[in-house]
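Below is one structure; the comments refer to it alone.
2 protein chains.
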Amino acid sequence: MKRIFSVLLVALASGCATQQGGLAIKDMGSFHVGGREVTLTGLPIKEVVFAAGGVPAKIDPNGVYQVEQMYVQYFVPAVEKGKLPLLMWHGGGLTGVTYETKPDGGEGWVNYFIKQGWTVYNSDAAERGRSGWAMFPEVTKTAPVFLTKENPFERFRIGTGAGSYNKDVAKMKPMPGAQFPLEGYDNFTKQGVPRWTSTDAPTIAAYTALVDKVCPCIVLAHSQGGPFAYQVAQARPDKVKALVLVEPAGIGDAANAAALKNTPNVSIYGDFIDGDSRWPTIRANNVKFQASIRAAGGSPELINLPEIGIKGNSHMMMMDKNSNDIAAVIQKWLEGKGLTK
Amino acid sequence: MKRIFSVLLVALASGCATQQGGLAIKDMGSFHVGGREVTLTGLPIKEVVFAAGGVPAKIDPNGVYQVEQMYVQYFVPAVEKGKLPLLMWHGGGLTGVTYETKPDGGEGWVNYFIKQGWTVYNSDAAERGRSGWAMFPEVTKTAPVFLTKENPFERFRIGTGAGSYNKDVAKMKPMPGAQFPLEGYDNFTKQGVPRWTSTDAPTIAAYTALVDKVCPCIVLAHSQGGPFAYQVAQARPDKVKALVLVEPAGIGDAANAAALKNTPNVSIYGDFIDGDSRWPTIRANNVKFQASIRAAGGSPELINLPEIGIKGNSHMMMMDKNSNDIAAVIQKWLEGKGLTK
Chain A
1475 MKRIFSVLLV
1485 ALASGCATQQ
1495 GGLAIKDMGS
1505 FHVGGREVTL
1515 TGLPIKEVVF
1525 AAGGVPAKID
1535 PNGVYQVEQM
1545 YVQYFVPAVE
1555 KGKLPLLMWH
1565 GGGLTGVTYE
1575 TKPDGGEGWV
1585 NYFIKQGWTV
1595 YNSDAAERGR
1605 SGWAMFPEVT
1615 KTAPVFLTKE
1625 NPFERFRIGT
1635 GAGSYNKDVA
1645 KMKPMPGAQF
1655 PLEGYDNFTK
1665 QGVPRWTSTD
1675 APTIAAYTAL
1685 VDKVCPCIVL
1695 AHSQGGPFAY
1705 QVAQARPDKV
1715 KALVLVEPAG
1725 IGDAANAAAL
1735 KNTPNVSIYG
1745 DFIDGDSRWP
1755 TIRANNVKFQ
1765 ASIRAAGGSP
1775 ELINLPEIGI
1785 KGNSHMMMMD
1795 KNSNDIAAVI
1805 QKWLEGKGLT
1815 K
Chain B
1475 MKRIFSVLLV
1485 ALASGCATQQ
1495 GGLAIKDMGS
1505 FHVGGREVTL
1515 TGLPIKEVVF
1525 AAGGVPAKID
1535 PNGVYQVEQM
1545 YVQYFVPAVE
1555 KGKLPLLMWH
1565 GGGLTGVTYE
1575 TKPDGGEGWV
1585 NYFIKQGWTV
1595 YNSDAAERGR
1605 SGWAMFPEVT
1615 KTAPVFLTKE
1625 NPFERFRIGT
1635 GAGSYNKDVA
1645 KMKPMPGAQF
1655 PLEGYDNFTK
1665 QGVPRWTSTD
1675 APTIAAYTAL
1685 VDKVCPCIVL
1695 AHSQGGPFAY
1705 QVAQARPDKV
1715 KALVLVEPAG
1725 IGDAANAAAL
1735 KNTPNVSIYG
1745 DFIDGDSRWP
1755 TIRANNVKFQ
1765 ASIRAAGGSP
1775 ELINLPEIGI
1785 KGNSHMMMMD
1795 KNSNDIAAVI
1805 QKWLEGKGLT
1815 K
């Protein structure tokens, strides 16, 4: 009896964090997938000063470069309750940080879904974040796009549109009942990274390499990640076993909608769409694409959050104050598809 | 008795991963620190095509941008055994991935030190990885430097120097007894990111913001991170309580060496330095800087790994096959300084 108590105390002391409602991760790691080598020739020798006040060194930029690879970090919960790993793909101008701690310090979806027992793979799309980026215009032919601080506020249905952003939180003009934490907006802008608009092909190639490495799996994708997820699922219908699309910014290959007929998939939309200049069209395109999947025998689903009583959500709903409510909708959907143990 | 067994089984089933020699993490998250706003004016309107085949949109690049912030990810072990958090700062042209899973798939130092009970903060220096980067030449005045695939192989004492790299592992010319896993070299090149040579000031500002946020702490820094760690510790001697410098690429402010007199610090060097064209000088500079700290009453330490029987290490010793042996040297040093519970 005494011995059993000792063992029990050791067990309790050594990390049963789920008992306190915390995380319990038993393994984690990272890797890069995909990419290719490119050889540059004919470039002029550069003079580089590596440290302030240092002696310029001649650098020959001609040679072989590694480009277009993708960074992936994974977490394995102590007790796995998902039948398949959950891959999280972020949207344009961002990285996997999208799903980590929220800009207001609240718990993000990576932690939420790990707590639900999912093994999570969170990646940075090619040319974003820890994936690195290639020389332009030598490798990537175009220049990247940078967003001003006000741009996402006015475009992501956080504020009421042009002129709604203000550095002073008290002077911001948020949507009525907006769930985005205004005091976290400044932090959110720190998550932004430059993004290219000519890199869809290498990005899809890298996501496909990831799917080939770690799937069968479920893909949860946001915004620009949505069309990537559709296309990769169309290319690998045997490996992408379910799709959760959070305000997908585009669709898949309409000519090949039938490839998705056996893939459970749901698209989720936040609030304030009807009054927006772009989102009614973007959603309508997806409704049409879903109709093609349905015509081929599939059963795509669509959830408008306000219709199920979840209101005030921006395009960045995984960062909104009620992000856990939306995660719970996703969790319930996954359970309903028999994807949990 | 039966009830106790039930509780015990629940406890064992719910994540006591340390018992299997695995990780046990009870909390993790991420945030950005530091940075500033910069206003750009007078730039021409750009036409951007956001998606292939799309309609060009006019983008006005003038406005306020968030720049020079830094990304930080943290992990809290189930059972904390370190008295202070351990901050890991990477070297030039890389990110915090340096300390994650090794390029050959082996366990990196983030996991190693979490397993030892340290709370770990692993960051991407400003303008690297998930920290994002600013427009150049509009904000950062210079262009970034990109490394060819062979450059680190020949410069980081993995290969025998110029001409030692080959895409075919069998044809590589490694140092005799080299510990770097040659089959992982290709993956290592995928970890590389462009790096600027004119961003020391904003980088140090961001690291200082991190120290002000989460310290007192211990800083473990590699290569370019070394001089950053020295300088931040000199600016915040009350907050940086110990320094572990892994082949620091530079030194601190020699005129202010006395600021480090009460900071336990150790510099660690790998193998093949004497025959290298650069490292004897880089190490000698640090020996001289250490003498200044010693003259002010400090006790800096220096470990040449071959002298304690650990041989074959490259500049990337946290990725070498025997990386755990070096981590153990660091762990023992930290224990010797009374920094563990």
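Same order as they appear, the protein sequences are chains A and B. Following the numbering used here, the numbering of the first sequence begins with 1475 at its first residue and continues without gaps. Following the numbering used here, the numbering of the second sequence begins with 1475 at its first residue and continues without gaps. Note that beta-carbon positions come from the ideal geometry of N, C-alpha and C, so glycine has one too. Just so it is clear, the structure is predicted and the values come from calculations on it, not from any experiment.
Legend entry - DSSP three-state assignment for A/Tyr1704, whether helix, strand or coil: Residue numbering aside, residue 1704 of chain A sits at position 230 when the first sequence is read from its first letter. In this structure, A/Tyr1704 counts as helix in the three-state DSSP scheme.
Legend entry - Partner residues on chain A for B/Pro1535, Cβ-Cβ distance less than 9 Å: One-based indexing of the second sequence puts residue 1535 of chain B at position 61. In chain order: Val1619, Phe1620 and Thr1622.
Inset, instruction - Can you grab the Cα-Cα spacing for the pair A/Gly1744 / A/Gly1783, in whole Å? - result: Position 270 of the first sequence, counted from the start, is the residue given in the question as residue 1744 of chain A. Position 309 of the first sequence, counted from the start, is the residue given in the question as residue 1783 of chain A. Approximately 11 Å between the Cα atoms of the pair.
Inset, instruction - With a threshold of 16 other CB atoms inside 10 Å of the CB of B/Leu1568, please say whether the residue is buried or exposed. - result: Here residue 1568 of chain B corresponds to residue number 94 of the second sequence, with the count starting at 1. The residue is buried, with at least 16 neighbouring Cβ atoms inside 10 Å.
Inset, instruction - Take A/Arg1669 and list the residues in its own chain whose beta-carbon comes closer than 7 Å to its own, dropping the five residues that flank it on each side. - result: Along the first sequence, one-based indexing puts residue 1669 of chain A at 195. These residues qualify, in order along the chain: Gly1566, Gly1567, Arg1602, Pro1618 and Val1619.
Inset, instruction - With DSSP as the reference, label A/Tyr1639 as helix, strand or coil. - result: The count along the first sequence starts at 1 and reaches residue 1639 of chain A at position 165. Three-state DSSP puts A/Tyr1639 in coil, outside helix and strand.
Inset, instruction - Report the neighbours of B/Gln1543 on chain A: residues whose CB is nearer than 7 Å to its CB, in chain order. - result: Numbered from 1 along the second sequence, position 69 holds the residue referred to as residue 1543 of chain B. Here the neighbours are Lys1664.
Inset, instruction - For the segment 1752-1760 of chain B and the segment 1795-1804 of chain B, state whether three or more C-beta atom pairs, one from each stretch, are separated by less than 8 Å. - result: Contact fails: fewer than three Cβ-Cβ distances are below 8 Å.
Inset, instruction - Measure the C-alpha to C-alpha separation of A/Ser1797 and A/Lys1641 and round it to an integer number of angstroms. - result: Counting from 1 along the first sequence, the entry for residue 1797 of chain A is found at position 323. Counting from 1 along the first sequence, the entry for residue 1641 of chain A is found at position 167. For A/Ser1797 and A/Lys1641, the gap between their C-alpha atoms comes out near 24 Å.
Inset, instruction - Measure from the C-beta of A/Ala1716 to each C-beta in chain B and report whether the shortest distance is under 8 Å. - result: Locating residue 1716 of chain A in the first sequence gives position 242, where the first residue counts as 1. Chain B contact via Cβ: absent.
Legend entry - Beta carbon proximity, A/Gly1489 to chain B, threshold 8 Å: Here residue 1489 of chain A is taken as the residue at index 15 of the first sequence, counted from 1. Because A/Gly1489 carries a pLDDT of 38, less than 50, the predicted location of this residue cannot be relied on, and the following value inherits that uncertainty. Residue contact with chain B for A/Gly1489: present (Cβ-Cβ distance below 8 Å to some residue of chain B).
Inset, instruction - Using the Cα positions of B/Leu1694 and A/Trp1607, report the straight-line distance between them to the nearest angstrom. - result: By 1-based counting over the second sequence, the position of residue 1694 of chain B is 220. By 1-based counting over the first sequence, the position of residue 1607 of chain A is 133. If I take the Cα positions, the gap works out to 27 Å.
Inset, instruction - Could you tell me the boundaries of the alpha helix (DSSP H) in which A/Ser1766 lies? - result: Translated into the one-based positions of the first sequence, residue 1766 of chain A becomes position 292. From DSSP, the alpha helix (DSSP H) with A/Ser1766 extends over Trp1753 to Ala1769.
Legend entry - Enclosing beta strand (DSSP E) for B/Asp1686 [first to last residue]: The sequence position of residue 1686 of chain B within the second sequence is 212, counting from 1. For B/Asp1686, there is no enclosing beta strand (DSSP E); the residue is part of the alpha helix (DSSP H) that begins and ends at Asp1674 to Val1688.
Inset, instruction - Going by CA-CA distance only, name the one from B/Glu1554, B/Tyr1573 and B/Met1562 that's closest to B/Lys1589. - result: Looking up residue 1589 of chain B in the second sequence gives position 115. Its Cα nearest to that of B/Lys1589, the residue B/Glu1554 stands out among B/Glu1554, B/Tyr1573 and B/Met1562.
Inset, instruction - Specify the secondary structure class of A/Leu1656 as computed by DSSP and reduced to three states. - result: Taking the first sequence and counting its residues from 1, the one referred to as residue 1656 of chain A is at position 182. Three-state result, A/Leu1656: helix.
Legend entry - Spatial distance of A/Lys1647 from A/Gly1635 (CA atoms): As a working mapping, residue 1647 of chain A is identified with position 173 in the first sequence. As a working mapping, residue 1635 of chain A is identified with position 161 in the first sequence. So the two alpha carbons sit approximately 9 Å from each other.
Inset, instruction - Could you check which residue in A/Thr1572, A/Tyr1639, A/Pro1551 and A/Ala1679 has the C-alpha nearest to that of A/Ala1600? - result: For the purposes of this step, residue 1600 of chain A is identified with residue 126 of the first sequence, where counting begins at 1. Minimum Cα distance to A/Ala1600 is reached at A/Ala1679.
Inset, instruction - Using a threshold of 8 Å, state whether the C-beta atoms of B/Gly1699 and B/His1564 are closer than that. - result: Within the second sequence, the letter at position 225 stands for residue 1699 of chain B. Within the second sequence, the letter at position 90 stands for residue 1564 of chain B. Cβ distance < 8 Å, so B/Gly1699 and B/His1564 count as in contact.
Inset, instruction - Step through the CB atoms of chain A and report whether any lies within less than 8 Å of the CB of B/Gln1540. - result: Mapped onto the second sequence, residue 1540 of chain B falls at position 66. Taking CB atoms only, B/Gln1540 has a neighbour in chain A less than 8 Å away.
Inset, instruction - Can you pull the chain A residues whose beta carbon is under 8 Å from the beta carbon of B/Thr1575, in chain order? - result: As a first step, residue 1575 of chain B must be located in the second sequence, where it is residue number 101. Here the neighbours are Gly1503, Ser1504 and Phe1505.
Legend entry - Inter-residue spacing [alpha-carbon to alpha-carbon] between B/Lys1785 and B/Ser1697: Residue mapping note: residue 1785 of chain B aligns to position 311 of the second sequence, counting from 1. Residue mapping note: residue 1697 of chain B aligns to position 223 of the second sequence, counting from 1. Approximately 19 Å between the Cα atoms of the pair.
Legend entry - Alpha carbon of B/Thr1677 to alpha carbon of B/Ala1703, nearest angstrom: Numbered from its first residue, the second sequence carries residue 1677 of chain B at position 203. Numbered from its first residue, the second sequence carries residue 1703 of chain B at position 229. Spanning the two alpha carbons is a distance of roughly 11 Å.
Inset, instruction - Compare the C-beta of B/Met1562 with all C-beta atoms of chain A and state if any pair is closer than 8 Å. - result: Indexing the second sequence from 1 puts residue 1562 of chain B at position 88. With respect to chain A, the C-beta atom of B/Met1562 has no partner C-beta closer than 8 Å.
Inset, instruction - Count the CB pairs spanning the segment 1623-1632 of chain B and the segment 1571-1583 of chain B that are closer than 8 Å, and state whether there are at least three. - result: Flag = no, the segment 1623-1632 of chain B and the segment 1571-1583 of chain B do not touch.
Inset, instruction - Helix, strand or coil for A/Ala1531, going by three-state DSSP, please let me know. - result: The count along the first sequence starts at 1 and reaches residue 1531 of chain A at position 57. It is a strand residue.
Inset, instruction - Please list the partners that B/Met1609 has in chain A, where partner means a Cβ-to-Cβ separation under 7 Å. - result: As a working mapping, residue 1609 of chain B is identified with position 135 in the second sequence. Contact note: B/Met1609 reaches chain A through Phe1620, using a C-beta cutoff of 7 Å and chain order.
Inset, instruction - Answer yes or no: does any C-beta atom of chain A fall closer than 8 Å to that of B/Pro1722? - result: In the second sequence, the residue the question calls residue 1722 of chain B occupies position 248. For B/Pro1722, the answer is no, since every Cβ of chain A falls outside 8 Å of its Cβ.
Inset, instruction - Verify the CB distance criterion: does B/Val1688 have a CB-CB separation below 8 Å to chain A? - result: Locating residue 1688 of chain B in the second sequence gives position 214, where the first residue counts as 1. Using a CB distance cut-off of 8 Å, B/Val1688 does not count as an interface residue toward chain A.
Legend entry - Three-way DSSP call (helix, strand, coil) for A/Trp1822 in this model: The requested residue 1822 of chain A is not part of the displayed model; chain A covers only 1475 to 1815.
Inset, instruction - Specify the secondary structure class of A/Ser1697 as computed by DSSP and reduced to three states. - result: Position 223 of the first sequence, counted from the first residue, corresponds to residue 1697 of chain A. Residue state, collapsed to three classes: coil.
Legend entry - Inter-residue CB distance, B/Pro1690 and B/Lys1664 (contact presumed, cutoff 8 Å): The count along the second sequence starts at 1 and reaches residue 1690 of chain B at position 216. The count along the second sequence starts at 1 and reaches residue 1664 of chain B at position 190. Not really, about 35 Å apart at Cβ, beyond 8 Å.
Inset, instruction - Out of B/Tyr1586, B/Lys1645 and B/Ser1751, point me to the one whose CA is closest to B/Leu1497's CA. - result: Here residue 1497 of chain B corresponds to residue number 23 of the second sequence, with the count starting at 1. When each option's Cα is compared against that of B/Leu1497, the closest is B/Tyr1586.
Legend entry - 8 Å Cβ cut-off: residues of chain A touching B/Asn1661: Residue numbering aside, residue 1661 of chain B sits at position 187 when the second sequence is read from its first letter. Under the 8 Å cutoff, chain A gives Phe1505 and His1506.
Legend entry - Environment of A/Arg1752 [buried if 16+ CB atoms lie within 10 Å]: The residue labelled residue 1752 of chain A in the question sits at position 278 within the first sequence. The residue is exposed, with fewer than 16 neighbouring Cβ atoms inside 10 Å.
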